[in-house]
Structures are given as structure tokens and as C-alpha cells.
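Chains as they are written, first to last, in our numbering: chain B, 1 to 253; chain E, 1001 to 1253.
We treat Cβ as the ideally placed atom computed from N, Cα and C, and that holds for glycine.
Note that the structure is a prediction, hence the values are computed from the model and not measured.
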DNA sequence: CACGTTCCGTTACGAATTGTCACGCATTGC
DNA sequence: GCAATGCGTGACAATTCGTAACGGAACGTG
């Protein structure tokens, strides 16, 4: 890791990423008696294709989840922050590789036990379905980003998303840490490290952010950043929605 | 629609796309007594943000599912073929808009009933979780495609995926229909219509495919197409997997 | 039935964003 | 100290985009 920053990141998480839970949850309670395990930066929690024998909760640190093409091209499908749940695959094999970005503390729970718990805790199933749905929603956001946003928009979107994720309350954080490298960010956003670097520089020159260090970002003009991200302002969302003018066949019968 | 092609597409589906089921399923049985409804091409089944009151099964035809950015940029998150299930959102609102590409026949089932059925049919929950997982897997494939594949690779991947989807048995179809327009394909693959067109032409010139009509594709060299897609040959998959050489911390304890 | 219109797909060509390659610098760890 | 790693920047190349024009097929209208 390049510069110095505190690896510990506060517990939180009101947004999805790859099978992760938020706030109070029956899921969390499963881990209560589990020992805390530690893994070093860049070590893997599991590999894509491994038998999915455990689910994990991230206690501290950040994970990256990724898939590879045969020739080595990589896409990071998500980052996992403290308080989030990992590995609730409903398949018998993990869909992606999970690696530590920072030193990570986590707890694990055997999937076999999990399915037993499903019977005991009726709300757990719904919670798992809700988590899967959040995942799917996040995945679709990401598809839209990858398919249609410019480099600048992707970086802005990323910063805003992290700011929302990191902050325990509703208010997005004004200053955020990015423990992952530029390469991680590039592979998450479908760019190269050079383009990521240039986009950061451009946002800095425009005064929207400042970069005390490469891994620390201050959001100086969050609203402007939001505008650059290509998404609606949170405010104008309720009224706007200029429903497409065309055919509206939404159920005559 | 431009050229003539049979709108009806055979029932099938061994692959995921946006909450869809395959083969025999308890889910399917729910729809048994439901009337068949018809919608016209380009009409919407529902809009993103609508209350998610129903789940649907596609009987005939093809749907497109998409999300929009405020300025109108679109990404199609998936196409839905006959036999597939739609709308098993675990949220109270739909995450995306669903529109008919062709004339579509479908059945619907109230979500309220669905949750009642969950209690009666214990396997249904697992089925829903499995569907969500398939969705997630497909979404991640798509992220990898959008983030890291070239235009040529995207088109090749798309053709192969459709060939697999359409064919009822394991053998991918050699000749496929693409009822959607070039714009739909472009918005699905994160390209422009011109680039899609150019990629088709290039594959044609290289002899990998032929195009009897814009909506009909013959896969002349499926293996070569597979190679162009950037994915591994299905054969070499089992042996290969040259596990990354580096850190292997997969659980000392 | 003929005509015009519209939509869609293809191709061409110039433009732009992003990628590639190269280098310098700072920090870290041995 | 010194090598290794990560970040930033510049020059240049390449893929993809954007604009435009054209042709064919389907559709509507007279």
C-alpha cells in the first residue's frame, strides 16, 4: 500500500454490493459466537469456483470481489465494507474471488448451519431474498455505469457511492478513504489506471474534490459531483420522472 | 419491426436473465390456471418504479428489460425469452422497465398470492433464491463483458449466449433469430448501433457467421466464434484454470 | 395498386474519448 | 541505500463514437 491511512473503517452500510446486509439483521446474529479471523492484504478469502462452504461477515477492513477473463482481464464486481455479508451464494460454488484490500477481520458461519437456521428463523429467508434483490439492483446500476457513463461520470458516481456507503447516518461523508489502489478502481469502473488518474486530476482542477493523498478524497462540491455523475439530483427525483411519452400499455384488462 | 420473421420463439431456457426460471419448476405451476394476456411490440409490461404487484411468465415472444439515466441513455439489463419468469422482485417496486420486443403472450400471478404460496410450497423459497443467484451470476458476466470486452467480443458473446438460450437441449442452436433491433442490441452491449452493425459485418466477412436477414444469424464457425468471445473453450475449462500463482491464503485455521 | 413516408440497417469519414507506452517521482520495505 | 510498487503525467495510437448519407423493406394513403 502506498500512503498511510487507517485501515479500520467504521461499521455501517445502507447500500448493497455483493450479498451484503445492512443495519440490524437476523443474519448478523448468526455470527455472534464465531471467532474473529484475520487475513492480510491481497490474501484471498476464497476463489471463484471454490465450494461455497461458508458465509462471512466483514468486521473490519475492505474486500474486493472480482471475476477474470481467461486472458487475465479483470472486473471487480464490488467492494465489501465492514458490516456487510459475503458468500450467501445460493449455488454450491462461489461466483467470484474475494480478496482483502486492507488487513481484514471477519467471522464465518458454515452454510450447512445456515440452511438449518432458515427453518428456525422464518424472517431469515426474506432477509436473504431482500439481500439478493439489493445485490441485483446494485449490479444493474453498475451495468448502466459500465455501459453508458463516461470516465468522469464513473469516477464521480464511485466517489458518491463510497461516501454514502461509509457514512453510518443518511448524510454522505464529506471526506472519504479509498483503501483500494487505482488499479482496483480501474477494474471496478471498466477503465485503465491512467484514465482513473486523469479523471481524479480533472475533478481536482475543477474544484469538485481535493486529494490530500491518493487514498483520501475530500468532496468539496458534493452537489456538483452528483451532477457530474450523470444521475439525478436526489431532490428533483420525486417530481421529475418525465415518463416516456410513448406507448403506455400498462394493463388494460 | 423491419423484416419478416416468426415472432413465436420456442419454449426453453437453461440460462438466467432477470429473474427467470428454467425447466420444471414449482414456480411455473403457480401460473397453471391463469389467463393468457397479450401485449403488442414496444408496449410496456411495467415501468421501473411501478409497484411490483405481479410476477409474470413469458409464454411466447421476447421482452427487454432496461434502466435509463436521467438524460435518456439506456442500458438493457436483459432479454426475456419464453418460459422465463419476470418480476420476482423482492422489493415492492420494479427495478427496471419491461417492454415487449415482439408480440408477447404472458401469464401473471399476484405477488400477494406468491408470498402465501411460499408457506405452502417449501421448495419455492429455495427456487427463488436459486433464481436470484442465477440472475446475479448473469449480471456479473454482463459486467465483465461491459467493462472489459471489445465490441467484437461482445457481439460474439451475445450470439453464443442467445444460441444457448434458444436451444431446448444442451446443443447451442446453429441458427438463431434476433427479434430485437440493432438499437436494443447496442443498448444491451454498451455500444452504438453503428458499432454493432460493423461488428456483425466483420464477423460475416471473416466467415464466422452469415446473415440471411438482419434478424437471422447462422453461426458458421461456433468454435471460432467462441474464441472471439474472449471466453474459454468449454472443453479446456475443466483442466486449465491456471490458478493465480500468488498468495493463496485460503484458510490456515 | 402506386406512391410517398418512415423506420431500420449499413457504410463512410472525421472526431473524440480512452488506451498504450514511456518516464519521473514518492513511498515502502528489505 | 536500493529495489519494488504505486501514482501521476505526457505523447501518441487505436478503438469506438457521432454525424451523415444511402438503400431497402414495410406501412399508410390516395
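Residue 1144 of chain E has a beta carbon lying within less than 8 Å of a beta carbon in chain B. Contact with chain B is found for residue 1070 of chain E, since one of that chain's Cβ atoms lies less than 8 Å from the residue's Cβ. The shortest CA-to-CA distance from residue 1076 of chain E to any of E:1098, E:1038, E:1082 and E:1055 is the one to E:1098. Shortest Cα-Cα distance from residue 1065 of chain E to any of E:1095, E:1027, E:1205 and E:1109 involves E:1095.
With a 10 Å radius around the Cβ and a threshold of 16 neighbouring Cβ atoms, residue 1194 of chain E comes out exposed. DSSP places residue 128 of chain B in the uninterrupted alpha helix (DSSP H) bounded by 122-148. At a Cβ-Cβ threshold of 8 Å, residue 1155 of chain E and residue 1205 of chain E do not count as neighbours. With contacts defined as CB atoms closer than 8 Å, residue 100 of chain B and residue 61 of chain B qualify as a contacting pair. In chain order, 133 make up the part of chain B whose C-beta sits under 7 Å from the C-beta of residue 1091 of chain E. One thing to note: residue 1229 of chain E has its Cβ no nearer than 8 Å to the Cβ of residue 1177 of chain E. Straight-line measurement puts the Cα of residue 149 of chain B at about 22 Å from the Cα of residue 68 of chain B. Flagged as an interface residue toward chain E: residue 128 of chain B, by a C-beta distance shorter than 8 Å. Residue 1079 of chain E has a beta carbon lying at 8 Å or more from every beta carbon in chain B.
With the criterion set as a beta carbon lying under 8 Å from some beta carbon of chain B, the members of the stretch 1200-1234 of chain E are 1230, 1231 and 1232, in sequence order.
Contact of residue 140 of chain B with chain E is assigned, a C-beta pair being separated by under 8 Å. Residues of chain E whose Cβ lies closer than 7 Å to the Cβ of residue 96 of chain B are, in chain order, 1140. For residue 1086 of chain E, the closest C-alpha among the options E:1054, E:1115 and E:1093 is that of E:1054. Chain E places a beta carbon closer than 8 Å to that of residue 136 of chain B, counting this residue as a contact. Per DSSP, the continuous alpha helix (DSSP H) segment holding residue 27 of chain B begins and ends at 26-30. Taking one beta carbon from each stretch, the stretch 210-228 of chain B and the stretch 161-175 of chain B have 3 or more pairs nearer than 8 Å; the two touch. With respect to the 8 Å criterion, residue 225 of chain B and residue 159 of chain B are classified as neighbours on the basis of their beta carbons. Residues of chain B whose Cβ lies closer than 7 Å to the Cβ of residue 1190 of chain E are, in chain order, 146, 147 and 148. Residue range 97-100 is occupied by the beta strand (DSSP E) that includes residue 97 of chain B, with no alpha helix (DSSP H) assigned at that position.
Against chain E, the beta carbon of residue 125 of chain B has neighbours under 7 Å at 1125, listed in chain order. Burial is judged here by how many other beta carbons sit within 10 angstroms of a residue's own beta carbon; residue 93 of chain B has fewer than 16 and is exposed. The C-beta distance from residue 1103 of chain E to residue 1041 of chain E rounds to 6 Å, short enough to fall under 8 Å. Spanning the alpha carbons of residue 1107 of chain E and residue 1127 of chain E requires a straight line of approximately 19 Å. A distance below 6 Å between beta-carbons, with the five flanking residues on each side excluded, links residue 45 of chain B to the following residues of its chain, in chain order: 98.
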